[in-house]
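Asker:
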Amino acid sequence: MRIATMRATVVAVGMLGLLDACGSSGSGGGAATTTATTPGATAVCKGTTQNPGYKNGLTKQPNQATSLSGAGSTFVNSMMSVWTAAYASTGGVQVAYQSIGSGAGIKQVQAGTVDFGDSDAYMKDADIALAKGPVLQIPLVLAPVVVTYNVSGVASGLKLDGETIGKIFAGKITSWDDPAIKSENPTVTLPSEPIATVHRSDGSGTTDIFTDFLTKESPSWVTALGGATQSRGKTVAWPNGIGGKGNDGVSGAVGQTEGAIGYVELGYALTQHLPYANVKNKSGAFIEPCNQTVLAATNGVTYPADLRFDLTDASDPQAYPITGTTWALVYQNQTDAAKAAALINFFSWVLTTGQDMTSTVNYQPLGKDLQQKCIDQLKKLTLNGRPIVS
Amino acid sequence: MTAQAGVDVPVVRPRGRATRWLGGDGAFRVVVTACSAVVLVTIVAMVIFLLVQGFDAMRHYGFFSFLTTARWAPSEATATSASPNPYGILQFIYGTLITSLIAMILAVPVAVSVALYITNFAPLRLRRGLSSLVDLLAAVPSVVYGFWGIFALLPALKPIGGFLASTLGKVPVIGVAFSGPYFGYSYFAAGVVLAIMVLPIIAAVCREIFATTAGSWKEAATALGATRWEVAMVAVYRPSRTGILGASILGLGRALGETIAVTMVIGNFVLSINKSILGQGATMSSVIANEFTEAVEPFHLQALFVVGFWLLVVALVVNIIARRIVAAQAAL
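Chain order of the listed sequences is A and B. No gaps in the numbering here: position 177 of the first sequence is 178 in my numbering, and each next residue is one more. No gaps in the numbering here: position 259 of the second sequence is 1076 in my numbering, and each next residue is one more.
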């Protein structure tokens, strides 16, 4: 108990320090967040984005449980660590999150062994049928999947389009000085090194987002995998390459292997100081992944009622094409009153105060209309058949 | 106690009821038999458990179809009905066997040399220290080997792998098995890590065997004018060959089943057999460790149980073959 209070105090002081640095008092659209950190940052990524400062949280439910357990996506792990630490310092509720991959997270939810799951690939009807009841899927945060590489002499900002990336991962382009890459990067000196592709060996929502983009943009990828149903998913039949476990496994393998290329969530590339590519979007521009371009990917998107949607290959001219979100997976019919209260309080906090913490770890907050829909989705939680929030 | 023919030995029987109290002898026999039965029951129970858990997949796809296909693609399980089987495991059997083979080829000569050195050539002061160091290698946990493998061994092997790819890789027939490009994660790297892991086991057993060779043989050889090398070969190594084979079987057993260290350096490429040992692959144990937590596709988890079953079978078959070889050698 003493250690927990000490840890909470340290975290609270740290958070206060962070808030001071951000210049935001948490009471509305504050100022500075992060700016682009890569050398050749494109113009749109320079400058700052504002914290959204949402105020529409649900009323705090009393008699909540003091601990919650969650499991799933490694994509959201860096953000979840910040959230759980900060949340523990506000109310003393300990949220334990295991970062085991979206596929494993869905499996745990189906088995009912955790209070909530998290996945970057939404549960399909077949997945929900295997669960113990209807599942609410609530988007929590946005983030880009970046194409990261480790080639001597090549810095961040290599221009790659979807078809080239698809051919690389399908094994059709095997050398870094291939004409397809050179033609888009005339000013970059590409060595004549073989390409080592790195993919996820576990069931991954990040893979789902990435292969969704490849399915939309790369006919070579679809042909190599044998069709559009085979070329997208949490697991696909990778024709070659090294398999790493988790986002951290892929970023580690890319960092260790000269000539490697892989796909990870932005935060992992930044922590490992790995360069990443500017990917061509639907409008034909090479886009750098950053706060502004990820938020642009949500412009003009209409969200379905069950909040299952894809953000890849968006039509906005500034949109980063490999953008994704991560869904919290919660059973709609709760049976434990304390757990239900704790879940509502936690996710309400994540969807409001939590959204202001996203840019400190290179994630992006949900847009206004999506955030409202998420709050409405959270209201659908019931306890033994009766709605909890009126 | 029976009397031998022609020799009268007084038979001594314990007196009194003390040892017959509670049927001491019988109870002892029961306990010892029960312990042996536990071993047998465990193996049989394991085999039955794996068969029962994998039964659905085996009935759906056919018992032997797992062995005849070399394509593991769980994502296609919903699309394909029974054939072709998307859970072919031939490449994992290949991976297990090839990494263990590389480990044996690298480890056995080194282990025998280490044992020979410790027992015959090392200064007396160093012998105990060296023995302890070799035993210490066996005490290192496998996950530490995996970690060290990724960060220290893979960079160190890179020039060797590159050399193999550029020389042996160009040779006409066997070149396919050594073709590059070499990225570090490979069957070869996994074989090297396994070799280091089984080395202490084989060296320790060989050391015991060499230490117990009859001193009179060594003295006889020396008296005949043999050099130290010849003494070691004739008086120590030659008579111990059966024992060395036995020690290698022990090491092979560990190499076949090693999971974590192999998973970290082998590259986890599960789709098909990679013809080059310098390319990525997977073993039966590495694929189980990687995929069982999230096996959500239809029959995926059952297919992993089938992999476990065949791993058990492979280990048993290899053990039986090795014992036959040992027995044949001993009969020579």
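Every residue gets a Cβ at the ideal spot worked out from N, C-alpha and C, and that includes glycine.
1) Could you list which residues in chain E have their beta carbon closer than 7 Å to that of threonine 236(A), in chain order?
2) Rounded to the nearest angstrom, what separates asparagine 363(A) and alanine 1112(B) at their Cα positions?
3) Assign leucine 367(A) to one of three DSSP states: helix, strand, or coil.
4) Since glutamate 1075(B) meets chain A, which of its residues come closer than 9 Å, beta carbon to beta carbon?
5) Quick check on the burial criterion: 16 or more other C-beta atoms within 10 angstroms. Buried or exposed for cysteine 852(B)?
6) Alpha carbon to alpha carbon, how far is valine 147(A) from alanine 1021(B)?
7) With a cut-off of 8 Å, does the C-beta of glutamine 1097(B) fall near any C-beta of chain A?
8) Is there a C-beta anywhere in chain B that falls below 8 Å from the one on alanine 33(A)?
9) Just to make sure I have the definition right: I need the residues of chain A whose C-beta is within less than 7 Å of the C-beta of proline 998(B). Which are they?
10) Of the residues Pro192(A), Thr236(A) and Ser193(A), which one's Cα is nearest the Cα of threonine 212(A)?
11) Under 8 Å between C-beta atoms, does leucine 974(B) make it to chain A?
12) Taking the straight line between their C-alpha atoms, what separation do you get for tyrosine 904(B) and valine 295(A)?
13) Using a Cβ-Cβ cutoff of less than 8 Å, which residues in the same chain neighbour valine 988(B) once the five nearest sequence positions on both sides are dropped?
14) Mind checking the segment 79-104 of chain A against chain B and listing, in chain order, the residues whose C-beta falls within less than 7 Å of any C-beta there?
15) Could you confirm whether any beta carbon from chain A is found closer than 8 Å to the beta carbon of threonine 885(B)?
16) Would you list the residues sitting across from lysine 160(A) in a DSSP beta bridge?
17) Would you say threonine 38(A) reaches chain B, if we count a Cβ-Cβ gap shorter than 8 Å as a contact?
18) Using Cβ-Cβ distances below 8 Å, what residues of the segment 1085-1096 of chain B are close to chain A?
19) So with CB distances below 7 Å, who are the chain A contacts of asparagine 1107(B)?
20) Given a cut-off of 8 Å on the beta-carbon distance, is the pair leucine 789(B) and valine 1010(B) in contact?
21) Where do the ends of the alpha helix (DSSP H) carrying leucine 974(B) lie?
22) Does any C-beta atom of chain A lie closer than 8 Å to the C-beta of isoleucine 1019(B)?
23) Quick check on glycine 301(A): buried or exposed, where buried means 16 or more other Cβ atoms within 10 Å of its Cβ?
24) For my contact list, asparagine 1(A) and glutamine 65(A) are in at a C-beta cut-off of 8 Å; report their separation, rounded to the angstrom.
25) Helix, strand or coil: how does DSSP classify glutamate 266(A) here?
26) Quick check on DSSP: helix, strand or coil for isoleucine 174(A)?
27) Quick one: Cα of serine 103(A) to Cα of valine 77(A), how far?
28) Considering only the beta carbon of each residue, do isoleucine 1083(B) and glutamine 1097(B) sit closer than 8 Å?
29) Do the CB positions of glycine 963(B) and valine 1015(B) come within less than 8 Å of each other?
30) Hey, does lysine 392(A) have any beta-carbon neighbour from chain B nearer than 8 Å?
31) Applying the criterion that 16 or more other CB atoms from any shown protein chain within 10 Å of the CB defines a buried residue, is valine 824(B) buried or exposed?
32) Closest Cβ-Cβ distance between tyrosine 1002(B) and chain A: below 8 Å?
33) Can you list, in chain order, the residues of its chain with a C-beta nearer than 8 Å to that of valine 94(A)? Leave out the 5 residues immediately preceding and following it.
34) Can you tell me whether proline 388(A) is buried or exposed, with buried defined as 16 or more other CB within 10 angstroms of its CB?
35) Is the Cβ-Cβ distance between aspartate 314(A) and glycine 54(A) less than 8 Å?
36) Using 10 angstroms around the beta-carbon of glutamate 289(A), count the other beta-carbons present and answer buried if the total reaches 16, otherwise exposed.
Answerer: The answer reads as follows:
1) This model lacks chain E altogether, as its protein chains are A and B.
2) As a first step, residue 363(A) is located in the first sequence; it is residue number 362 there, counting from the start. As a first step, residue 1112(B) is located in the second sequence; it is residue number 295 there, counting from the start. One C-alpha to the other measures close to 31 Å.
3) Start at 1 with the first residue of the first sequence, and residue 367(A) comes out as number 366. Assignment of leucine 367(A) by DSSP, reduced to helix, strand and coil, places it in the coil class.
4) As a working mapping, residue 1075(B) is identified with position 258 in the second sequence. Close to glutamate 1075(B), with beta-carbon spacing below 9 Å, lies no residue of chain A; the smallest spacing is near 17 Å.
5) As a first step, residue 852(B) must be located in the second sequence, where it is residue number 35. Under this definition cysteine 852(B) is an exposed residue.
6) As a first step, residue 147(A) is located in the first sequence; it is residue number 146 there, counting from the start. As a first step, residue 1021(B) is located in the second sequence; it is residue number 204 there, counting from the start. Rounded to the nearest angstrom, the two C-alpha atoms are 50 Å apart.
7) Here residue 1097(B) is taken as the residue at index 280 of the second sequence, counted from 1. Chain A has a Cβ within less than 8 Å of the Cβ of glutamine 1097(B).
8) Position 32 of the first sequence, counted from the first residue, corresponds to residue 33(A). Low local confidence applies: a pLDDT of 35 at alanine 33(A) is under 50, so the model's placement there is unreliable, with the coordinate-based value given in what follows. The Cβ of alanine 33(A) sits no closer than 8 Å to any Cβ of chain B.
9) Indexing the second sequence from 1 puts residue 998(B) at position 181. The contacting residues are Pro195.
10) Residue 212(A) sits at position 211 when you count from the first residue of the first sequence. Taking only the C-alpha atoms, the option nearest threonine 212(A) is Thr236(A).
11) Numbered from 1 along the second sequence, position 157 holds the residue referred to as residue 974(B). Closer than 8 Å: no.
12) Stepping through the second sequence from its first residue, residue 904(B) is reached at position 87. Stepping through the first sequence from its first residue, residue 295(A) is reached at position 294. C-alpha separation (whole angstroms): 38 Å.
13) Position 171 of the second sequence, counted from the first residue, corresponds to residue 988(B). If we look at valine 988(B) and ignore the five residues flanking it on each side, its Cβ neighbours are Phe995.
14) Residues passing the 7 Å Cβ filter: Ile101, Gly102 and Gly104.
15) Here residue 885(B) is taken as the residue at index 68 of the second sequence, counted from 1. For threonine 885(B), the answer is no, since every Cβ of chain A falls outside 8 Å of its Cβ.
16) As a position in the first sequence, residue 160(A) is number 159, starting the count at 1. Per DSSP, Asn279(A).
17) Walking along the first sequence from the start, residue 38(A) turns up at place 37. In this prediction, threonine 38(A) has a pLDDT of 40, which is less than 50 and means its spatial position is unreliable; what the coordinates show is noted afterwards. No, threonine 38(A) does not count as interfacial toward chain B.
18) Within the segment 1085-1096 of chain B, the qualifying residues are Asn1085, Phe1086, Val1087 and Leu1088.
19) Here residue 1107(B) corresponds to residue number 290 of the second sequence, with the count starting at 1. Under the 7 Å cutoff, chain A gives Ser202, Asp203 and Lys246.
20) Here chain B covers residues 818 to 1149 and nothing more, so residue 789(B) does not appear.
21) Within the second sequence, the letter at position 157 stands for residue 974(B). Leucine 974(B) -> alpha helix (DSSP H) spans 971-983.
22) Stepping through the second sequence from its first residue, residue 1019(B) is reached at position 202. Closer than 8 Å: no.
23) Translated into positions along the first sequence, residue 301(A) becomes position 300. Label assigned to glycine 301(A): exposed.
24) Residue 1(A) is absent from the model: chain A starts at 2 and stops at 391.
25) What you label residue 266(A) is simply residue 265 of the first sequence in a count that begins at 1. Note: glutamate 266(A) maps to strand in three-state DSSP.
26) Locating residue 174(A) in the first sequence gives position 173, where the first residue counts as 1. Coil.
27) Within the first sequence, residue 103(A) is the residue found at index 102, counting from 1. Within the first sequence, residue 77(A) is the residue found at index 76, counting from 1. Taking C-alpha positions only, serine 103(A) is separated from valine 77(A) by approximately 10 Å.
28) Position 266 of the second sequence, counted from the first residue, corresponds to residue 1083(B). Position 280 of the second sequence, counted from the first residue, corresponds to residue 1097(B). Going by C-beta atoms, isoleucine 1083(B) is nearer than 8 Å to glutamine 1097(B).
29) Here the question's residue 963(B) lines up with position 146 in the second sequence. Here the question's residue 1015(B) lines up with position 198 in the second sequence. For glycine 963(B) and valine 1015(B), no; Cβs fall outside 8 Å.
30) The first residue shown for chain A is 2 and the last is 391, placing residue 392(A) beyond what the model contains.
31) In the second sequence, the residue the question calls residue 824(B) occupies position 7. Around the beta carbon of valine 824(B), fewer than 16 other beta carbons sit within 10 angstroms, so the residue counts as exposed.
32) Taking the second sequence and counting its residues from 1, one reaches residue 1002(B) at position 185. Tyrosine 1002(B) counts as touching chain A.
33) One-based indexing of the first sequence puts residue 94(A) at position 93. Taken in chain order, the residues that qualify are Gln65, Ala66, Thr67, Ser68, Leu69, Tyr88, Ala343, Asn346 and Phe347.
34) The sequence position of residue 388(A) within the first sequence is 387, counting from 1. With a 10 Å radius around the Cβ and a threshold of 16 neighbouring Cβ atoms, proline 388(A) comes out exposed.
35) Position 313 of the first sequence, counted from the first residue, corresponds to residue 314(A). Position 53 of the first sequence, counted from the first residue, corresponds to residue 54(A). Taking 8 Å as the cut-off, the beta carbon of aspartate 314(A) is found no closer than this to the beta carbon of glycine 54(A).
36) Counting from 1 along the first sequence, the entry for residue 289(A) is found at position 288. When all chains shown are included, glutamate 289(A) counts as buried.
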